[in-house]
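Colleague:
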Amino acid sequence: MFKLFQPNKIFQITSKAPKYVLFLFIVVLSVGLTEALVLSPEDYKQSDAVRIMYVHVPAAWISLGIFSSITLLSTSGFIFKNKNFFLIAKSLAPSGFVFNIIALVTGSIWGKPTWGTWWAWDARITSMLILALFYAMYLISWRIYENEEKVFKISAIITILGIINVPIIKFSVDWWNTLHQPASINILSKSSIHSSMLFPLLIMTAAFALFSLLIFLMKYNIELIKIKNKGLDRL
Amino acid sequence: MINELLFMNGHGVYVLSAFSFTLLSFTALYLVIKIQFIKEQSKFVAKFGYLNTDQANSAKSQRINKEILANVTNN
Numbered sequence: 002m003f004k005l006f007q008p009n010k011i012f013q014i015t016s017k018a019p020k021y022v023l024f025l026f027i028v029v030l031s032v033g034l035t036e037a038l039v040l041s042p043e044d045y046k047q048s049d050a051v052r053i054m055y056v057h058v059p060a061a062w063i064s065l066g067i068f069s070s071i072t073l074l075s076t077s078g079f080i081f082k083n084k085n086f087f088l089i090a091k092s093l094a095p096s097g098f099v100f101n102i103i104a105l106v107t108g109s110i111w112g113k114p115t116w117g118t119w120w121a122w123d124a125r126i127t128s129m130l131i132l133a134l135f136y137a138m139y140l141i142s143w144r145i146y147e148n149e150e151k152v153f154k155i156s157a158i159i160t161i162l163g164i165i166n167v168p169i170i171k172f173s174v175d176w177w178n179t180l181h182q183p184a185s186i187n188i189l190s191k192s193s194i195h196s197s198m199l200f201p202l203l204i205m206t207a208a209f210a211l212f213s214l215l216i217f218l219m220k221y222n223i224e225l226i227k228i229k230n231k232g233l234d235r236l
Numbered sequence: 037m038i039n040e041l042l043f044m045n046g047h048g049v050y051v052l053s054a055f056s057f058t059l060l061s062f063t064a065l066y067l068v069i070k071i072q073f074i075k076e077q078s079k080f081v082a083k084f085g086y087l088n089t090d091q092a093n094s095a096k097s098q099r100i101n102k103e104i105l106a107n108v109t110n111n
């Protein structure tokens with residue numbers, strides 16, 4: 002099965018896919034922006050400020066999803082001794098980090114009209130900030146260490162420590178009294194959000210997922226070319 | 037209509053700045069990664085140019101190297 006993860010096979014797809022993914026991303030984002038800014042209704046309590054949700058929530062979801070994937074890939078890389086898992090994890094990290102920053106900044110902007118403050122040391126906001134620090138440490142570890150074995154080990158340790166924070170982010174609104182409301186969208190039970198707001202939210206999530214796929218593909222190609230550059234030096 | 041869309045009951049400045057920040061972050065990340073990609077690709081082509089015939093043939097026997105070179109020509 003791991004033959005499917007060989008760089009030779011993956012590069013055939015990753016080198017051609019970005020242009021199609023970029024096109025699809027622009028189409029889905031245009032539909033999402035129209036829905037989010039024009040067609041979706043305003044909230045009876047928050048009025049138009051609720052529209053910030055269409056960028057804040059997908060960004061938070063995707064940053065959490067990417068960090069979980071990075072942890073899974075890093076640990077799998079160790080278990081199966083597959084270097085390519087680490088490369089995939091490394092290529093996912095930049096978009097995950099940027100989505101985390103977007104979630105923090107747009108959350109802060111949303112906080113001002115709804116809570117009357119730009120920042121509060123609330124459990125969810127603080128745990129999201131901690132996640133951003135783990136992302137930063139992960140990215141820095143790849144820059145600092147040149148020894149491959151060392152960077153694999155250290156980056157994996159960072160993700161394993163960081164993953165403890167992910168359930169804390171998810172359940173912080175249930176465990177503590179926070180400014181955040183409990184989850185409105187549940188996979189297992191009925192969601193409390195109306196379909197007129199859920200639909201744009203899902204479209205924006207799809208657009209953000211496509212963007213992270215695009216960045217992943219481009220970053221992965223860079224990593225493969227870097228390896229091939231080293232290979233040419235050895236000839 | 038446009039005024040309503042921009043004003044958003046007094047929340048326009050918050051909503052539009054959140055969306056602008058998101059789109060600016062997307063553009064910045066895309067450009068940074070694109071520039072990195074072009075740099076690595078150019079480095080690869082430059083290194084490939086210094087190889088002698090035997091080394092070039094040996095390098096070309098690898099599928100990825102061929103794909104990288106083909107992509108440069110297509111771009």
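Residue numbers (our numbering), protein chains in the order written: chain A, 2 to 236; chain B, 37 to 111. Virtual Cβ for every residue (Gly too), placed ideally from N, Cα, C.
Please name the residue, chosen from A/Trp143, A/Val174, A/Phe135, A/Ile145, that lies closest to A/Ile165 on a Cα-to-Cα basis.
Modeller: Residue 165 of chain A sits at position 164 when you count from the first residue of the first sequence. Among A/Trp143, A/Val174, A/Phe135, A/Ile145, the Cα nearest to that of A/Ile165 is on A/Phe135.
Colleague: Please list the partners that A/Lys82 has in chain B, where partner means a Cβ-to-Cβ separation under 8 Å.
Modeller: Translated into the one-based positions of the first sequence, residue 82 of chain A becomes position 81. Under the 8 Å cutoff, chain B gives no residues; its nearest Cβ is about 21 Å from A/Lys82.
Colleague: On the premise that A/Asp175 lies in contact with A/Pro183, defined as a C-beta separation below 8 Å, what is that separation, rounded to the nearest angstrom?
Modeller: The residue given as residue 183 of chain A occupies position 182 in the first sequence. The residue given as residue 175 of chain A occupies position 174 in the first sequence. The Cβ separation is near 6 Å, so the contact holds.
Colleague: So A/Leu211 packs on A/Val22, CB below 8 Å; how close in whole Å?
Modeller: Translated into the one-based positions of the first sequence, residue 211 of chain A becomes position 210. Translated into the one-based positions of the first sequence, residue 22 of chain A becomes position 21. Between A/Val22 and A/Leu211 the Cβ distance is about 6 Å, and since that is below 8 Å, they are a contact.
Colleague: Would you mind telling me which residues of chain A sit closer than 7 Å to B/Asn39, beta carbon to beta carbon, in chain order?
Modeller: Counting from one through the second sequence, the residue named residue 39 of chain B turns up at place 3. The contacting residues do not exist; B/Asn39 stays about 13 Å from chain A at best.
Colleague: Leaving out five residues on either side along the sequence, give the residues of the same chain with a beta carbon under 6 Å from the beta carbon of A/Phe100.
Modeller: Residue 100 of chain A sits at position 99 when you count from the first residue of the first sequence. Within the same chain, A/Phe100 has close Cβ partners Ala60, Ile63, Ser64.
Colleague: Listed from N- to C-terminal order along the chain, which residues in the region 27-56 of chain A have their beta-carbon within a distance smaller than 9 Å of any beta-carbon of chain B?
Modeller: Result list: Leu30, Leu34, Ala37, Leu38, Val39, Glu43, Gln47, Ser48, Asp49, Ala50, Val51, Arg52, Ile53, Tyr55, Val56.
Colleague: Under 9 Å, Cβ to Cβ, is there at least one residue of chain A near B/Thr58?
Modeller: Sequence index remark: in the second sequence, residue 58 of chain B carries index 22 (1-based). Answer yes: the Cβ-Cβ gap between B/Thr58 and chain A drops below 9 Å somewhere.
Colleague: I think A/Ile204 touches A/Val32, with their Cβ atoms under 8 Å apart; what is that distance to the nearest whole Å?
Modeller: Locating residue 204 of chain A in the first sequence gives position 203, counting from the first residue. Locating residue 32 of chain A in the first sequence gives position 31, counting from the first residue. That belief holds up - the Cβ atoms of A/Ile204 and A/Val32 are roughly 6 Å apart, short of 8 Å.
Colleague: Alpha carbon to alpha carbon, how far is B/Gln77 from A/Ala124?
Modeller: Taking the first residue of the second sequence as 1, we reach residue 77 of chain B at position 41. Taking the first residue of the first sequence as 1, we reach residue 124 of chain A at position 123. Computed Cα separation, rounded: 44 Å.
Colleague: Output needed for A/Leu130: all residues of its chain with C-beta closer than 8 Å, excluding positions within five of it in sequence on either side, in chain order.
Modeller: As a position in the first sequence, residue 130 of chain A is number 129, starting the count at 1. The answer, listed in chain order, is Leu105.
Colleague: Please name the residue or residues paired with A/Asp123 in a DSSP beta bridge.
Modeller: Position 122 of the first sequence, counted from the first residue, corresponds to residue 123 of chain A. According to DSSP, which records beta bridges pairwise, A/Asp123 is partnered with nothing at all.
Colleague: Pull up the DSSP beta-bridge partners for A/Asp44, would you.
Modeller: Counted from its first residue, the first sequence places residue 44 of chain A at position 43. Paired residues: A/Ser48.
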